[in-house]
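The next block holds one structure in the form of structure tokens; read it before the comments.
2 protein chains.
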Amino acid sequence: MTSWLQIPKNSPFSLANIPFGIISSAKVPSRVAAIAIGDYALNLNAFASSGGFSQLPAIQPHLGVFSQPTLNAFAALGRPVHRQVREYIQSILRADTPFPQVLKDNEPLQKEALLPLSEVTNHLPMQIGDYTDFYAGLNHAYNLGVLLRGPDNALQPNYKHLPVAYHGRASSIVVSGTPIHRPNGQVLANPTATPKVPTFSPCKRLDIELELAAFVSTPNDMGKPVPVNEAEDHIFGLVLMNDWSARDIQAWEYVPLGPFNAKNFATTITPWVVLVDALEPFRVPSLDPENRENLLPYLREKRTDGVFDIPLEFEITNAGGQPTTVSRSNAKNLLFSFPQMLAHHTITGCNLRPGDLLGSGTISGTEPQTQGSMFEQTRGKEPLKLADGSERVFLEDGDTVVLRGKAGTEGNYVGFGDCSATILPALKLEF
Amino acid sequence: MTSWLQIPKNSPFSLANIPFGIISSAKVPSRVAAIAIGDYALNLNAFASSGGFSQLPAIQPHLGVFSQPTLNAFAALGRPVHRQVREYIQSILRADTPFPQVLKDNEPLQKEALLPLSEVTNHLPMQIGDYTDFYAGLNHAYNLGVLLRGPDNALQPNYKHLPVAYHGRASSIVVSGTPIHRPNGQVLANPTATPKVPTFSPCKRLDIELELAAFVSTPNDMGKPVPVNEAEDHIFGLVLMNDWSARDIQAWEYVPLGPFNAKNFATTITPWVVLVDALEPFRVPSLDPENRENLLPYLREKRTDGVFDIPLEFEITNAGGQPTTVSRSNAKNLLFSFPQMLAHHTITGCNLRPGDLLGSGTISGTEPQTQGSMFEQTRGKEPLKLADGSERVFLEDGDTVVLRGKAGTEGNYVGFGDCSATILPALKLEF
Numbered sequence: 001m002t003s004w005l006q007i008p009k010n011s012p013f014s015l016a017n018i019p020f021g022i023i024s025s026a027k028v029p030s031r032v033a034a035i036a037i038g039d040y041a042l043n044l045n046a047f048a049s050s051g052g053f054s055q056l057p058a059i060q061p062h063l064g065v066f067s068q069p070t071l072n073a074f075a076a077l078g079r080p081v082h083r084q085v086r087e088y089i090q091s092i093l094r095a096d097t098p099f100p101q102v103l104k105d106n107e108p109l110q111k112e113a114l115l116p117l118s119e120v121t122n123h124l125p126m127q128i129g130d131y132t133d134f135y136a137g138l139n140h141a142y143n144l145g146v147l148l149r150g151p152d153n154a155l156q157p158n159y160k161h162l163p164v165a166y167h168g169r170a171s172s173i174v175v176s177g178t179p180i181h182r183p184n185g186q187v188l189a190n191p192t193a194t195p196k197v198p199t200f201s202p203c204k205r206l207d208i209e210l211e212l213a214a215f216v217s218t219p220n221d222m223g224k225p226v227p228v229n230e231a232e233d234h235i236f237g238l239v240l241m242n243d244w245s246a247r248d249i250q251a252w253e254y255v256p257l258g259p260f261n262a263k264n265f266a267t268t269i270t271p272w273v274v275l276v277d278a279l280e281p282f283r284v285p286s287l288d289p290e291n292r293e294n295l296l297p298y299l300r301e302k303r304t305d306g307v308f309d310i311p312l313e314f315e316i317t318n319a320g321g322q323p324t325t326v327s328r329s330n331a332k333n334l335l336f337s338f339p340q341m342l343a344h345h346t347i348t349g350c351n352l353r354p355g356d357l358l359g360s361g362t363i364s365g366t367e368p369q370t371q372g373s374m375f376e377q378t379r380g381k382e383p384l385k386l387a388d389g390s391e392r393v394f395l396e397d398g399d400t401v402v403l404r405g406k407a408g409t410e411g412n413y414v415g416f417g418d419c420s421a422t423i424l425p426a427l428k429l430e431f
Numbered sequence: 001m002t003s004w005l006q007i008p009k010n011s012p013f014s015l016a017n018i019p020f021g022i023i024s025s026a027k028v029p030s031r032v033a034a035i036a037i038g039d040y041a042l043n044l045n046a047f048a049s050s051g052g053f054s055q056l057p058a059i060q061p062h063l064g065v066f067s068q069p070t071l072n073a074f075a076a077l078g079r080p081v082h083r084q085v086r087e088y089i090q091s092i093l094r095a096d097t098p099f100p101q102v103l104k105d106n107e108p109l110q111k112e113a114l115l116p117l118s119e120v121t122n123h124l125p126m127q128i129g130d131y132t133d134f135y136a137g138l139n140h141a142y143n144l145g146v147l148l149r150g151p152d153n154a155l156q157p158n159y160k161h162l163p164v165a166y167h168g169r170a171s172s173i174v175v176s177g178t179p180i181h182r183p184n185g186q187v188l189a190n191p192t193a194t195p196k197v198p199t200f201s202p203c204k205r206l207d208i209e210l211e212l213a214a215f216v217s218t219p220n221d222m223g224k225p226v227p228v229n230e231a232e233d234h235i236f237g238l239v240l241m242n243d244w245s246a247r248d249i250q251a252w253e254y255v256p257l258g259p260f261n262a263k264n265f266a267t268t269i270t271p272w273v274v275l276v277d278a279l280e281p282f283r284v285p286s287l288d289p290e291n292r293e294n295l296l297p298y299l300r301e302k303r304t305d306g307v308f309d310i311p312l313e314f315e316i317t318n319a320g321g322q323p324t325t326v327s328r329s330n331a332k333n334l335l336f337s338f339p340q341m342l343a344h345h346t347i348t349g350c351n352l353r354p355g356d357l358l359g360s361g362t363i364s365g366t367e368p369q370t371q372g373s374m375f376e377q378t379r380g381k382e383p384l385k386l387a388d389g390s391e392r393v394f395l396e397d398g399d400t401v402v403l404r405g406k407a408g409t410e411g412n413y414v415g416f417g418d419c420s421a422t423i424l425p426a427l428k429l430e431f
């Protein structure tokens with residue numbers, strides 16, 4: 001499938017992708033819906049207003065969704081509509097498009113609606129009501145368990161029976177590119193001293209967590225669980241996510257109710273939502289297919305290929321330095337699929353709403369340099385080397401972190417684009 | 001302070017209160033802002049439209065907030081405005097009102113804007129972006145710690161240094177009167193067997209948690225902590241809250257990331273938001289004033305009377321039975337004040353938004369029958385007796401639970417009204 005539009009061969013936004021997002025620009029000051037294609041954003045509001053959807057009658061009653069400042073209303077239209085719109089846009093952009101008059105041969109509309117990504121500002125794609133973070137990265141849970149409790153008790157008894165999760169903080173989810181202040185908080189300067197007395201300090205163990213996350217589209221009513229085999233139709237699409245973690249704050253605060261200040265200061269996501277339909281070719285079995293037999297029926301999917309083979313990586317660039325790829329992982333390293341997470345989330349009757357975000361948990365491999373966090377790789381003490389020879393156990397001020405992920409092959413990549421942020425120094429607070 | 005309006009002496013909504021809420025009725029089908037006074041709601045939208053605020057010029061530019069379906073916009077106007085509006089409404093309702101023409105002698109406006117509470121439907125007062133639940137009820141934390149770990153390690157080392165908290169589920173917060181389905185979920189039928197294998201079951205240990213909760217008014221930007229001595233001005237007001245808890249689901253799932261399905265199915269709040277100004281006369285020192293000296297400076301309030309003396313209680317009525325008051329507690333049983341919770345929440349730079357909700361944690365006393373949950377009172381095995389002689393260890397289907405709280409004395413109560421819900425049977429699910 002090739003396009004009449006020039007698309008760089010290494011672009012994560014090939015014609016096979018068509019991810020949805022929210023943009024503005026000098027020319028388009030109000031936020032509107034768009035798709036990414038190669039080095040361009042296609043402004044769907046302008047496209048719709050100029051009759052771009054004339055060949056797709058089903059979407060006509062809903063064109064107003066593209067002028068909204070979030071994708072919530074579009075997501076709420078449901079998977080069959082997303083699928084139609086994506087396939088229609090692919091057909092418009094194909095070299096052999098059956099509708100050349102819509103965009104291919106329509107220079108005025110190209111000029112109006114095709115905006116170079118370099119001139120576009122990305123915004124959060126959805127208004128996020130609730131954010132839930134799972135812990136389905138089996139290798140990450142194991143690695144962390146070994147560090148905290150040793151190899152014999154690394155995984156809790158519940159771990160393989162249910163997708164462990166906690167509620168996260170929705171207000172501080174920001175889009176890629178937003179700088180992050182190192183948080184201040186309570187830490188134990190000497191964790192082995194008794195009695196344990198905390199000090200106030202900038203976080204000294206600031207870490208990355210490499211995750212995928214799914215946006216909810218179709219809601220479910222309170223009291224109405226979503227069956228696992230219908231759950232995927234409640235998912236709008238996926239983004240990459242960096243669940244920043246203050247390990248020293250977490251170690252002191254997290255018993256007995258879980259992480260709070262260690263995570264609430266920021267979470268970064270990519271701006272373009274990749275539909276599950278775009279990831280269909282990359283389905284593979286989950287990390288431990290035999291675990292299916294141990295699951296309670298409400299978590300047993302008919303399909304056994306619920307996760308995706310998407311190479312992931314993160315790199316660190318120190319201020320003024322060169323990028324260093326620190327870790328290469330893969331999205332297939334999950335014990336549970338997003339439909340299983342969603343079914344578990346709602347089994348009590350909990351209602352999900354369009355725009356709710358479900359994080360996968362940190363995605364680590366089993367080999368060296370495949371871990372999704374620095375803590376796993378350095379064990380909190382064995383520094384990793386950056387390209388310029390400097391060392392890191394955790395992040396330093398001025399470091400820029402970029403997560404990336406794309407599936408497929410050259411010319412046909414389905415990817416997320418950069419999930420990026422620079423670490424700013426902690427605020428100096430006076431009391 | 002007496003009113004020209006007849007107010008029952010035991011009403012929680014005396015002239016000293018003036019709580020804000022969102023209502024609709026047969027006559028007023030769209031949701032609008034209101035205050036509660038005695039047995040009436042005063043429709044603030046109708047009141048404003050008919051010139052009711054003519055004697056309060058400061059609010060004139062903002063009258064549109066009263067036609068909104070939530071109080072978020074009103075809350076965002078900030079504490080000085082809430083205070084002015086409350087005091088103005090008190091002045092209008094006073095027997096010796098300086099402005100009798102506004103409402104006292106204005107029968108048409110009384111007819112239009114004063115609606116009997118019995119004819120009004122209450123709605124959630126705010127659109128809740130994020131919900132955080134703290135654990136500041138020292139006696140509850142101790143009681144639960146004794147049950148889980150014995151008296152020597154009842155409180156974790158961090159407990160007195162920071163207000164422990166977890167992120168809760170915002171989507172399933174409902175207003176008093178909404179029935180609650182008993183949740184289904186994973187439980188350990190035999191917790192001591194090895195290996196631990198869960199079963200799927202309706203929750204058998206469904207419990208109450210009696211809490212106060214604070215709504216945020218003024219937001220703070222991401223990266224900008226709110227100093228503890230300014231934090232109260234970021235609070236719009238308080239409600240009563242029942243943080244329903246599925247103890248058996250919780251016991252199996254909550255290590256290591258905290259409660260998730262055990263809490264996500266429902267949380268019930270009262271519809272009327274009581275301003276902190278209305279609670280000023282009831283300030284008392286927190287549960288352990290000497291603990292202040294152990295706190296890091298960012299948590300040390302100048303004032304030492306940051307909690308409120310508000311008698312609280314909950315009652316259970318079995319289907320067709322009599323109400324039984326099971327527990328009498330008091331809101332002063334908190335180790336940390338809401339300003340301390342808010343300061344801790346934001347110390348990392350976490351941004352709060354108007355409508356965010358902060359729960360206090362369960363509020364228990366130290367004596368028998370003063371606990372804020374059934375688990376503490378029955379220890380999970382010693383039944384309590386209801387009025388008709390039936391017994392409860394945890395809640396049964398058909399039980400109606402009502403939380404209540406009011407401060408002050410007859411004729412001048414400042415209270416929350418009922419926080420009520422009936423337990424419906426678990427859904428029968430087929431897989």
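Heads up: the protein sequence lines correspond to chains A and B, in order. Following UniProt numbering, the numbering of the first sequence begins with 1 at its first residue and continues without gaps. Following UniProt numbering, the numbering of the second sequence begins with 1 at its first residue and continues without gaps. For every residue, glycine included, the Cβ atom is placed at its ideal position computed from N, Cα and C. Note that the structure is predicted; figures quoted are calculated from it, not measured.
Item: Selected residue, minimal CA-CA separation from His181/B, among Thr199/A, Ala75/A and Met222/A; Value: Met222/A
Item: Cβ-Cβ distance between Gly349/A and Phe265/B below 7 Å; Value: yes
Item: Cα-Cα separation between Gly417/A and Asp39/A, rounded to whole angstroms; Value: 11 Å
Item: Phe282/A versus Phe308/A - alpha carbon distance; Value: 5 Å
Item: 7 Å Cβ cutoff, Tyr166/B in contact with chain A; Value: yes
Item: Chain A residues whose Cβ lies nearer than 8 Å to that of Gly350/B; Value: Checking the displayed sequence, the identity of residue 350/B turns out to be Cys instead of Gly. Neighbours of Cys350/B on chain A, chain order: Arg169, Ser171, Ser172, Asn261, Asn264 and Phe265.
Item: Under 8 Å by beta carbon: chain A residues contacting Pro157/B; Value: Pro195 and Lys196
Item: C-beta contact flag for Leu210/B and Gly415/B at 7 Å; Value: no
Item: Partners in chain A for Asp130/B, counting only beta-carbon separations shorter than 7 Å; Value: Arg169, Ala170 and Ser171
Item: Touching by the beta-carbon criterion (3+ pairs, under 8 Å), the stretch 258-278 of chain A and the stretch 162-182 of chain A; Value: yes
Item: Members of the stretch 247-261 of chain B near chain A, C-beta cut-off 8 Å; Value: Ile249, Trp252, Glu253, Tyr254, Val255, Pro256, Leu257, Gly258, Pro259, Phe260 and Asn261
Item: Environment of Ser14/B [buried if 16+ CB atoms lie within 10 Å]; Value: buried
Item: Same chain only: Cβ atoms within 7 Å of Asp248/B, ignoring 5 sequence neighbours per side; Value: Val187, Cys203, Lys204 and Arg205
Item: Chain B contacts from the stretch 199-227 of chain A (Cβ-Cβ distance under 7 Å); Value: Phe200, Met222, Gly223 and Pro225
Item: Rounded straight-line distance, which links the Cα of Ser25/A to that of Gln156/B; Value: 51 Å
Item: Whole-angstrom distance between Pro163/A and Pro259/B, CA atom to CA atom; Value: 13 Å
Item: C-alpha distance - Leu295/A paired with His161/A, whole-angstrom precision; Value: 6 Å
Item: Nonlocal neighbours in the same chain, by C-beta distance under 8 Å from Thr199/B, ignoring five residues either side; Value: Gln186, Val187, Leu188 and Ala189
Item: Under 7 Å by beta carbon: chain B residues contacting Asn184/A; Value: Ile347 and Thr348
Item: Status (buried if at least 16 other CB within 10 Å, exposed otherwise) for Ser329/B; Value: buried
Item: Positions along the stretch 353-383 of chain B whose CB lies within less than 8 Å of some CB in chain D; Value: This model lacks chain D altogether, as its protein chains are A and B.
Item: Bounding residues of the beta strand (DSSP E) (the contiguous stretch that carries Ser171/A); Value: First-last for Ser171/A: undefined, no H or E at that position.
Item: Residue-chain proximity (Tyr298/A, chain B), Cβ-Cβ < 7 Å; Value: yes
Item: Backbone CA spacing between Ser30/B and Phe431/B [nearest angstrom]; Value: 41 Å
Item: C-alpha distance - Arg292/A paired with Arg79/A, whole-angstrom precision; Value: 26 Å
Item: Chain-ordered chain B contacts of His181/A [CB-CB under 7 Å]; Value: Gly223 and Gly349
Item: Cβ-Cβ separation, Ile35/B to Phe20/B (assumed contact under 8 Å), whole Å; Value: 6 Å
Item: Own chain residues within Cβ distance below 6 Å of Lys406/B, not counting five before or after; Value: Pro12, Tyr413 and Gly415
Item: Arg83/B burial status per 10 Å Cβ neighbour count (16 or more: buried); Value: exposed
Item: Cβ pair Asp356/A, Val239/A closer than 7 Å; Value: no
Item: Sequence-distant residues of the same chain with beta carbon closer than 8 Å to Ser184/A, five excluded per side; Value: As written in the sequence, residue 184/A is Asn, which differs from the Ser given in the question. Excluding residues within five positions, the ones whose Cβ falls inside 8 Å are Phe200, Ser201, Pro202, Cys203, Ala426, Leu427 and Leu429.
Item: Min CB distance Phe134/B to chain A below 7 Å; Value: no
Item: Thr382/B burial status per 10 Å Cβ neighbour count (16 or more: buried); Value: Note that residue 382/B corresponds to Glu in the displayed sequence, not to Thr. It is exposed - the Cβ of Glu382/B has fewer than 16 other Cβ atoms within 10 Å.
Item: Chain-ordered chain A contacts of Lys431/B [CB-CB under 7 Å]; Value: Strictly speaking, residue 431/B in this sequence is Phe, with Lys absent from that position. Chain A residues near Phe431/B: Pro297 and Tyr298.
Item: Completely contained alpha helix (DSSP H) runs for the stretch 59-114 of chain A, where each covers 4 or more residues; Value: 72-76, 79-93 and 107-113
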